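The sequence shown lines up with residues 0 to 294 when you count with numbering that gives the first Met the number 0.
Glycine included, C-beta positions come from ideal geometry on N, C-alpha and C.
As the structure is a prediction and not an experimental result, all values here were calculated from the model.
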Amino acid sequence: MGANIYRNKKPLLFFLVPAFAFMTVFLYYPFIMNIFNSFQNIGGLAAKSKGFLDPWYSNYVEMLHDKNMAVALKNTLIMMMTTIVFQVGIALVLAILVDQIKVGAKFFRVVYFFPIVISATALGLLFNLIFLRDKGMLNQFLELLGQTELIDWKDQSRAFITLMIPVMWQYVGFYFVILITGLNNISSDLYEVAAIDGASRWQRIRYITIPLLHNVICTCVVLAVTGALKAFDLPWIMFPKGLPLNSTWLTGTYMYYHACETRNTDYGCAIAVFIVVLGVISSKVVNAIFKEKDY
0 MGANIYRNKK PLLFFLVPAF AFMTVFLYYP FIMNIFNSFQ NIGGLAAKSK
50 GFLDPWYSNY VEMLHDKNMA VALKNTLIMM MTTIVFQVGI ALVLAILVDQ
100 IKVGAKFFRV VYFFPIVISA TALGLLFNLI FLRDKGMLNQ FLELLGQTEL
150 IDWKDQSRAF ITLMIPVMWQ YVGFYFVILI TGLNNISSDL YEVAAIDGAS
200 RWQRIRYITI PLLHNVICTC VVLAVTGALK AFDLPWIMFP KGLPLNSTWL
250 TGTYMYYHAC ETRNTDYGCA IAVFIVVLGV ISSKVVNAIF KEKDY
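See below:
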């Protein structure tokens with residue numbers, strides 16, 4: 000008789016309808032209006048539209064010739080690739096190492112996850128102090144090691160690398176927690192049987208851990224790629240307005256610059272549409288490359 004409770008689907012609507020209404024008002028409707036606004040002539044944020052552009056697709060044509068947009072796209076694609084290696088890759092190594100230890104595992108889980116808890120704005124300010132040319136913590140440390148010349152970590156040749164370091168570091172803990180959870184779901188009996196058969200620790204990782212974590216790794220890669228497209232708060236705090244010399248633009252920061260900082264909000268809307276399209280394509284490509292497997 001208890002199974003009959005789940006046959007009545009009507010109570011589900013009581014929970015689904017409010018959630019769907021919330022998403023419609025705060026997600027779907029703004030997104031549709033954003034597409035519509037990308038074809039409008041909007042002078043500034045919250046300004047009234049002056050009608051359709053002539054031609055109506057002018058913003059998308061301008062995007063093709065915008066050098067700063069090309070820089071933002073290049074930087075974003077680089078960040079997408081590096082997140083796979085340095086965020087998911089490092090998180091995977093840390094998760095495997097922590098899973099191997101018996102004492103202090105909880106301590107390391109808290110330590111690696113802690114950066115996610117800190118506000119990205121606070122982290123941006125923190126790393127601004129670390130990378131200061133004059134009396135910055137990193138330069139002071141190098142002085143102790145004998146470095147006499149102060150390094151400008153925010154000049155054009157180093158700016159993007161300086162930007163990527165905190166962005167990579169911030170989210171390693173996020174993927175670490177996902178991967179360590181996946182490791183906990185792998186039965187210890189498999190490792191015991193493999194050890195009895197003479198498998199080394201590396202062989203157990205290669206033939207048991209990595210294959211059984213495949214689907215979890217796929218999820219992390221998709222999240223990392225799409226997350227790189229949305230990177231905004233920490234990069235904007237460290238390098239507002241693409242400084243220096245427009246070399247650190249990302250698609251997220253460049254979109255915000257036009258939507259909120261200039262009187263060209265409609266162009267910002269067009270960039271936002273482009274980010275969504277790029278995100279859908281990227282996730283499809285990643286899912287095609289890292290196909291989930293049934294075990």
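Q. Whole alpha helix (DSSP H) runs in the region 76 to 143 with 4 or more residues, listed along the chain?
A. 88 to 99, 104 to 116, 119 to 129, 136 to 143
Three CB pairs or more closer than 8 Å across the region 37 to 46 and the region 176 to 189
no
Run the CB neighbour count on residue 181, radius 10 Å, all protein chains shown included, and call it buried at 16 or more, exposed below.
Start at 1 with the first residue of the sequence shown, and residue 181 comes out as number 182. The residue in question, residue 181, is buried, as its Cβ has 16 or more Cβ neighbours within 10 Å.
>> Is it buried or exposed, residue 290, if we count other Cβ atoms within 10 angstroms and call 16 or more buried?
In response: Within the sequence shown, numbered from 1, the residue matching residue 290 stands at position 291. So residue 290 ends up on the exposed side.
Closest by C-alpha distance to residue 284, when choosing among 222, 249, 253, 241
Translated into the one-based positions of the sequence shown, residue 284 becomes position 285. Nearest of 222, 249, 253, 241 to residue 284, Cα basis: 222.
- Task: For the region 199 to 215 and the region 61 to 75, state whether three or more C-beta atom pairs, one from each stretch, are separated by less than 8 Å.
- Result: no
* Is the Cβ-Cβ distance between residue 165 and residue 233 less than 8 Å? -> In the sequence shown, the residue the question calls residue 165 occupies position 166. In the sequence shown, the residue the question calls residue 233 occupies position 234. Yes, Cβ-Cβ distance for residue 165 and residue 233 is below 8 Å.
Original post:
Over what stretch of residues does the alpha helix (DSSP H) that includes residue 296 continue unbroken?
Top reply: There is no way to answer for residue 296, as the model of the chain reaches only from 0 to 294.
Original post:
What residues are listed by DSSP as bridge partners for residue 39?
Top reply: Translated into positions along the sequence shown, residue 39 becomes position 40. Paired residues: 51.
Practice item. For the alpha helix (DSSP H) containing residue 278, list its first residue and its last residue. Key: For the purposes of this step, residue 278 is identified with residue 279 of the sequence shown, where counting begins at 1. That run of the alpha helix (DSSP H) goes 264 to 288.
Measuring alpha carbon to alpha carbon, tell me which residue in 151, 227, 259, 278 is nearest residue 163. Counting from 1 along the sequence shown, the entry for residue 163 is found at position 164. Nearest C-alpha to residue 163: 227.
Kindly indicate which three-state DSSP category residue 202 falls into: helix, strand or coil? Position 203 of the sequence shown, counted from the start, is the residue given in the question as residue 202. In this structure, residue 202 counts as helix in the three-state DSSP scheme.
(message) Using the Cβ count rule (16 or more neighbours within 10 Å means buried), how would you classify residue 92?
(response) Start at 1 with the first residue of the sequence shown, and residue 92 comes out as number 93. With fewer than 16 other Cβ atoms within 10 Å, it is exposed.
* State the Cα-Cα distance for the pair residue 73 and residue 147, rounded to the nearest angstrom. => Reading the sequence shown from its first residue, position 74 is the one you call residue 73. Reading the sequence shown from its first residue, position 148 is the one you call residue 147. If I take the Cα positions, the gap works out to 34 Å.
Is it the case that the Cβ atoms of residue 153 and residue 130 are separated by a distance below 8 Å? Here residue 153 corresponds to residue number 154 of the sequence shown, with the count starting at 1. Here residue 130 corresponds to residue number 131 of the sequence shown, with the count starting at 1. Their beta carbons are under 8 Å apart, which means residue 153 touches residue 130 by this criterion.
Please state the DSSP three-state secondary structure of residue 229. As a first step, residue 229 must be located in the sequence shown, where it is residue number 230. Residue 229 falls in the coil class under three-state DSSP.
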